[in-house]
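Data first, discussion second: the structure below is written as structure tokens.
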Amino acid sequence: MASTAPRPTPAPRTAPLTVGFDLDMTLIDSRAGIAATYRALSAGTGVHIDDALVVSRIGPPLEEELAHWFPAVEVAAAGDRYRELYPDHAIAPTTALAGARDSVAEVRALGGRAIVVTAKYEPNAKLHLAHLGIEPDAVVGWLWAEAKGEALREHGAQVYVGDHTGDVRGARAAGALSVAVTTGPCDAQELRAAGADVVLDDLTEFPAWLRAFEADRAAA
9 MASTAPRPTP APRTAPLTVG FDLDMTLIDS RAGIAATYRA LSAGTGVHID
59 DALVVSRIGP PLEEELAHWF PAVEVAAAGD RYRELYPDHA IAPTTALAGA
109 RDSVAEVRAL GGRAIVVTAK YEPNAKLHLA HLGIEPDAVV GWLWAEAKGE
159 ALREHGAQVY VGDHTGDVRG ARAAGALSVA VTTGPCDAQE LRAAGADVVL
209 DDLTEFPAWL RAFEADRAAA
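Start counting the sequence shown at 9; every next residue gets the next number (our numbering).
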């Protein structure tokens, strides 16, 4: 359920609504696809990888995870191979999370723009969105934590929605409102402690929250 903390006062409505969304475990459940890709990488390299452990901590950049399994000098090559394997192994098993399509649609219904800002390799992020019929106005990849703030500022996002404490940091870096969902590896307590302004169980709660946010912003 939504956080019981008072809703932050929205910034005055001086610009059209723009909402940023993280991808993995915010809009999509990519765990099965990521696990399958890691199994293929393991089979091809002979390196043991615990794919269940990997998918329990989705969020940070690929190379950070690969560093747990490969020597430092092999991480870059392993990352290149993973990205090559990804389209054949990860796209089909991945599903949209509950409320994802409705949340993007609600942004549009309110006259706004929806963008995706993700740590994932951008071409693979776009493959996921196309496969699942989720159509944001822009997709920006290969950004993590505070670096996400750069893209959010560039697009004028007032809100950033994510599932990880790194997403909260990205929103803060952009001066955007941080809306967190507990569908990823971080629980509500972690997300609040990181500075999330609003915590929702999942995206099914987001459209109603966004309508209230816009009403408040219009009145500010």
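Glycine included, every Cβ here is placed at the ideal spot set by N, Cα and C.
Taking the Cβ atom as the reference point for each residue, do L118 and G28 lie within a distance shorter than 7 Å?
Stepping through the sequence shown from its first residue, residue 118 is reached at position 110. Stepping through the sequence shown from its first residue, residue 28 is reached at position 20. Cβ atoms of L118 and G28: not closer than 7 Å.
My guess is that G107 and T212 are in contact by the Cβ rule of under 8 Å, so how many angstroms apart are they, rounded?
Within the sequence shown, the letter at position 99 stands for residue 107. Within the sequence shown, the letter at position 204 stands for residue 212. At roughly 4 Å, the Cβ-Cβ gap stays under 8 Å, so G107 and T212 are in contact.
Put A100 into one of helix, strand or coil per three-state DSSP.
Along the sequence shown, read from residue 1 onward, the residue named residue 100 stands at position 92. The answer is coil: DSSP assigns A100 none of H, G, I, E or B.
Take I57 as the anchor and find which of L74, G41 and L70 has the nearest alpha-carbon.
Against the sequence shown, residue 57 aligns to sequence position 49. Among L74, G41 and L70, the Cα nearest to that of I57 is on L74.
Is it buried or exposed, H76, if we count other Cβ atoms within 10 angstroms and call 16 or more buried?
Walking along the sequence shown from the start, residue 76 turns up at place 68. That one is exposed.
Classify T92: buried if its beta carbon has 16 or more other beta carbons within 10 angstroms, exposed otherwise.
Counting from one through the sequence shown, the residue named residue 92 turns up at place 84. According to the sequence provided, residue 92 is Glu. The question's Thr does not apply to it. Per the 10 Å Cβ criterion, exposed.
Could you spell out where the alpha helix (DSSP H) holding F29 opens and where it closes?
By 1-based counting over the sequence shown, the position of residue 29 is 21. From DSSP, F29 is part of no alpha helix (DSSP H) but of the beta strand (DSSP E) over T26 to F29.
For the region 101 to 172, list the beta strand (DSSP E) runs that are entirely contained and at least 3 residues long, ordered along the chain.
Listed in chain order, the complete beta strand (DSSP E) runs (minimum 3 residues) inside the region 101 to 172 are 121 to 125, 146 to 148 and 167 to 170.
Rounding to the nearest angstrom, what Cα-Cα distance links T103 and D37 in this structure?
In the sequence shown, residue 103 corresponds to position 95, counting from 1. In the sequence shown, residue 37 corresponds to position 29, counting from 1. T103 and D37: Cα-Cα distance of roughly 5 Å.
Less than 6 Å between C-beta atoms, sequence neighbours within five positions excluded: which residues of the same chain meet that for K156?
As a first step, residue 156 is located in the sequence shown; it is residue number 148 there, counting from the start. Closer than 6 Å at Cβ, skipping near neighbours: V125 and G178.
Measure the alpha-carbon distance for V112 versus A138 and round it to whole angstroms.
Here residue 112 refers to the residue found at position 104 when the sequence shown is read from its first residue. Here residue 138 refers to the residue found at position 130 when the sequence shown is read from its first residue. About 14 Å.
Counting only beta-carbon separations shorter than 7 Å, does S50 have a partner in chain B?
In the displayed structure, chain B is absent; only one protein chain is listed.
So within the region 47 to 97, which uninterrupted alpha helix (DSSP H) runs reach at least 4 residues, ignoring any that extend past its ends?
59 to 63 and 70 to 74
With DSSP collapsed to three states, give me the class of D209.
Residue mapping note: residue 209 aligns to position 201 of the sequence shown, counting from 1. The answer is coil: DSSP assigns D209 none of H, G, I, E or B.
Quick check on this structure: which residue in L35, G183, D210 and E154 has the alpha carbon closest to the alpha carbon of G141?
As a working note, residue 141 is residue 133 in the sequence shown. Nearest C-alpha to G141: L35.
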